[in-house]
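Chemist: Sharing a structure below in structure tokens format, with a few things to ask.
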Ligand code: HEM
Ligand code: FES
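Chains as they are written, first to last, in the numbering used here: chain A, -1 to 439; chain B, 48 to 227.
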């Protein structure tokens, strides 16, 4: 399509005048109106749009919090209490921001597992996937620094423990930690820089999300069947089909989100953080926000390996567990994308999902307490070691082996064939021969 | 490049390459020099460094008692050790994770002065107050990930890699010290 014509646009003279000088209207029309999307998206394809919605929500609520928040160790805690009690609608804005963070991670984690199951990271979408991993890293950094801002007990001690991880780096570790803190402990300089970065990073995320979408629109979307659209029959224009579907999904999401914000606003939070930071008193237990628990479990589970002391090994494993995602397109070598047609992979995917949930569970428990009351000797640290090991085994052993030895099911001829009629390859139970025209998939 | 190559204007390529590399190297140096202030600005500032020393009167601390003072925003543990605590710290156990003799960690055996920050990930260990868990070796116990320190502040068990740090300090009189 040529850039200086709006074939289906409804714009009048002004729109045309602008568009021929700065083609924003034809760009929007092309990328969000006509963008040919596979016709067979299921609801797992809603989560990208939800993440986009949450990013905007976090920025708007964050900006409004910033107008009332004071980044100083003596004032921060009280300024947040003031937002909750005295600022008009402050409680609402803050509770949307706090719970929005949690929902952002729920949505993004689902979005990621969706990609893993349907092989959306495979060629030609490797860069699209890797940009996604960068977004995840930026989100984690943002959320970590945001959690320090209210200056509660867990804000302070969480920041202390996590920044101290860098002291594991040989030789320069301690100087790096002092440098991160701007002092000899987590203190006012630390709070100030974290605030500045917490303000900045979301806008970087917006930039990377932009690249993520550009990459998406170059390769086109994957779909539940994992086969590329072959003809116009296989796609529908994004608008109105998926704008409507995304809006419906957003409605459902908002009902759940609002239920938490209004009726269970503390569902995701630790009460300990409603106590002001005290640098002389370590809380009984330092637990990070729930979305970091799987990584926290990996950090604590790894013992000393060979000449690497436990602390460093844990840090390497924790960062490794995220960085391995960059390599996923080259570790999962299967030619078939969608888990629908990979009878063995689907089981291992399920096991991997359970493994990640277990890691999250372990991350929230004291390492040296027994998992089952009846088996004293089996402690959470042991469960953590098993699940940590499996996490890496899945990526480095299972996926490459499956790519080599698994026999995938026959793929359908095209998306439209699978959706509209023949059941060939429509699922694991499909047989290639039967064809039932016009049956909905 | 060994031969001199001339382009159609008669410029020789060696000279171009040189100018190209020299300009690039110059730009990279200036770039690095310009970034440095931004990195350095994160290091502790002069006013933070200025809070560097703390004086403590030890006179009021009875044998067996501990106090916590603040130095550079960090807790410092001062313990007036009992005879048994000193002798149990003195027996040099084999296979310490961070071997050090008690003598190297104190100026006067009755007074142990250590930074009260676990060398694992920075929690404040328990054991200062009466009745707190002092761990299996009678010193301190870090509840965060279970590190046990002995009566010399040495790590004996758990994930912490190093002994509790001994800050720089000096006795001003018999009963007062300056830390830092
Ligand atoms: C990627 C988007 C963002 C995420 C994941 C995020 C996450 C968080 C989290 C987890 C907290 C701690 C809430 C608490 O426990 O009290 C927080 C606090 C805060 N955030 Fe954000 N944030 C985001 C964007 C922003 C933006 C763009 C701004 C400013 C323009 C901002 C300003 C603040 C302020 C002022 C606080 C402290 C007030 C408070 O604790 O309620 N945030 N953020
Ligand atoms: S911080 Fe003390 S054991 Fe981890």
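All C-beta atoms, glycine included, are put in the ideal place defined by N, C-alpha and C.
Anyone know if the C-beta pair for residue 218 of chain B and residue 154 of chain B falls short of 8 Å?
Modeler: Closer than 8 Å, so yes.
Chemist: Got a sec: does the ligand FES put a non-hydrogen atom nearer than 7 Å to the Cβ of residue 165 of chain A?
Modeler: No, Cβ of residue 165 of chain A sits at least 7 Å from all heavy atoms of the ligand FES.
Chemist: Since residue 185 of chain A meets chain B, which of its residues come closer than 9 Å, beta carbon to beta carbon?
Modeler: Under the 9 Å cutoff, chain B gives 95, 120.
Chemist: With three or more C-beta pairs closer than 8 Å as the rule, is the stretch 269 to 289 of chain A touching the stretch 145 to 156 of chain A?
Modeler: The stretch 145 to 156 of chain A is in contact with the stretch 269 to 289 of chain A.
Chemist: With a Cβ-Cβ cutoff of 8 Å, do residue 141 of chain A and residue 287 of chain A count as a contact?
Modeler: Contact: yes.
Chemist: Hey, quick one: how far does the beta strand (DSSP E) through residue 34 of chain A stretch, first residue to last?
Modeler: Here the beta strand (DSSP E) through residue 34 of chain A covers 34 to 36.
Chemist: Less than 8 Å between CB atoms is the rule here; does residue 227 of chain B satisfy it with respect to chain A?
Modeler: It does not: the Cβ of residue 227 of chain B has no partner Cβ on chain A nearer than 8 Å.
Chemist: Under 7 Å between beta-carbons, which chain A residues line up against residue 193 of chain B? List them in chain order, please.
Modeler: What residue 193 of chain B touches in chain A: 366.
Chemist: Nearest CA to the CA of residue 363 of chain A: which residue from A/10, A/382, A/352?
Modeler: Among A/10, A/382, A/352, the Cα nearest to that of residue 363 of chain A belongs to A/382.
Chemist: Closer than 8 Å is the cut-off here; do at least three beta carbon pairs connect the stretch 82 to 102 of chain A with the stretch 250 to 267 of chain A?
Modeler: Verdict: yes, contact present.
Chemist: In three-state DSSP terms, what is residue 51 of chain A?
Modeler: If DSSP states are grouped into helix, strand and coil, residue 51 of chain A belongs with the helices.
Chemist: Counting only C-beta atoms, is residue 171 of chain B closer than 8 Å to chain A at any point?
Modeler: Output row for residue 171 of chain B: interface = yes.
Chemist: Rounded to whole angstroms, what is the Cα-Cα separation between residue 340 of chain A and residue 216 of chain A?
Modeler: Between residue 340 of chain A and residue 216 of chain A, the C-alpha separation is close to 27 Å.
Chemist: Cβ-heavy atom distance between residue 169 of chain B and the ligand FES below 7 Å?
Modeler: Checking every heavy atom of the ligand FES against the Cβ of residue 169 of chain B, one is found closer than 7 Å.
Chemist: Could you tell me which chain A residues have their CB closer than 8 Å to the CB of residue 83 of chain B, listed as they occur along the chain?
Modeler: The contacting residues do not exist; residue 83 of chain B stays about 13 Å from chain A at best.
Chemist: Compare the beta carbon distance of residue 193 of chain B and residue 205 of chain B with 8 Å and say whether it is the shorter of the two.
Modeler: Yes.
Chemist: Shorter than 7 Å, the distance from the beta carbon of residue 197 of chain A to the closest heavy atom of the ligand HEM, or not?
Modeler: Yes, the Cβ of residue 197 of chain A comes within 7 Å of a heavy atom of the ligand HEM.
Chemist: Under three-state DSSP, which class holds residue 394 of chain A?
Modeler: DSSP places residue 394 of chain A in helix when its eight states are reduced to three.
Chemist: Answer yes or no: does any C-beta atom of chain B fall closer than 8 Å to that of residue 194 of chain A?
Modeler: By this cut-off, residue 194 of chain A is not an interface position.
Chemist: Is residue 153 of chain A a contact residue of the ligand FES, with contact defined as CB to any heavy atom under 7 Å?
Modeler: No, the Cβ of residue 153 of chain A stays beyond 7 Å of every heavy atom of the ligand FES.
Chemist: Taking only beta-carbon atoms, is residue 278 of chain A less than 8 Å away from chain B?
Modeler: Yes - at least one Cβ of chain B is within 8 Å of the one on residue 278 of chain A.
Chemist: If you measure from the beta carbon of residue 168 of chain B to each beta carbon in chain A, is any gap under 8 Å?
Modeler: At least one chain A Cβ lies under 8 Å of residue 168 of chain B.
Chemist: Should residue 59 of chain A be labelled buried (16 or more other beta-carbon atoms within 10 Å of its own) or exposed?
Modeler: Buried, by the Cβ-count rule.
Chemist: Of all Cβ atoms in chain B, is any one closer than 8 Å to the Cβ of residue 385 of chain A?
Modeler: No, its Cβ sits nowhere closer than 8 Å to a Cβ of chain B.
Chemist: Determine the burial state of residue 164 of chain B: buried for a count of at least 16 other Cβ atoms within 10 Å of its Cβ, exposed for fewer.
Modeler: Burial call: buried.
Chemist: Just to confirm, are residue 119 of chain B and residue 227 of chain B a CB contact at a threshold of 8 Å?
Modeler: Result yes, Cβ atoms of residue 119 of chain B and residue 227 of chain B sit closer than 8 Å.
Chemist: Using the Cα positions of residue 335 of chain A and residue 183 of chain A, report the straight-line distance between them to the nearest angstrom.
Modeler: Each residue's alpha carbon lies about 49 Å from the other.
Chemist: What residues in the stretch 90 to 116 of chain B bring their beta carbon closer than 8 Å to a beta carbon of chain A?
Modeler: Result list: 90, 91, 92, 95, 115.
Chemist: Contact between the stretch 95 to 111 of chain B and the stretch 126 to 138 of chain B is defined here as three or more beta-carbon pairs at a separation below 8 Å; is this criterion met?
Modeler: Because the criterion of three Cβ pairs below 8 Å is met, the stretch 95 to 111 of chain B and the stretch 126 to 138 of chain B touch.
Chemist: Thinking C-alpha only, which one of B/169, B/195, B/211, B/66 is nearest residue 159 of chain B?
Modeler: Considering only alpha carbons, the answer is B/211.
Chemist: Using 8 Å as the cut-off, can you tell me whether the stretch 347 to 365 of chain A makes contact with the stretch 383 to 403 of chain A, which would need three or more C-beta pairs spanning the two stretches below that distance?
Modeler: Yes: at least three Cβ pairs fall under 8 Å.
Chemist: If we ignore side chains and look at the alpha-carbon of each, how far apart do residue 195 of chain A and residue 189 of chain A end up?
Modeler: About 10 Å.
Chemist: So residue 308 of chain A contacts chain B; which residues on that side make the cut at Cβ distance below 7 Å?
Modeler: Per Cβ cutoff of 7 Å: 206.
Chemist: Verify whether the separation of the beta carbon atoms of residue 196 of chain B and residue 178 of chain B is less than 8 Å.
Modeler: Result no, Cβ atoms of residue 196 of chain B and residue 178 of chain B do not sit closer than 8 Å.
Chemist: Starting from residue 250 of chain A, trace the alpha helix (DSSP H) both ways and give me its first and last residue.
Modeler: First-last of the alpha helix (DSSP H) with residue 250 of chain A: 236 to 261.
Chemist: May I ask you to check if the CB of residue 193 of chain B is nearer than 7 Å to at least one heavy atom of the ligand FES?
Modeler: At least one heavy atom of the ligand FES is nearer than 7 Å to the Cβ of residue 193 of chain B, so yes.
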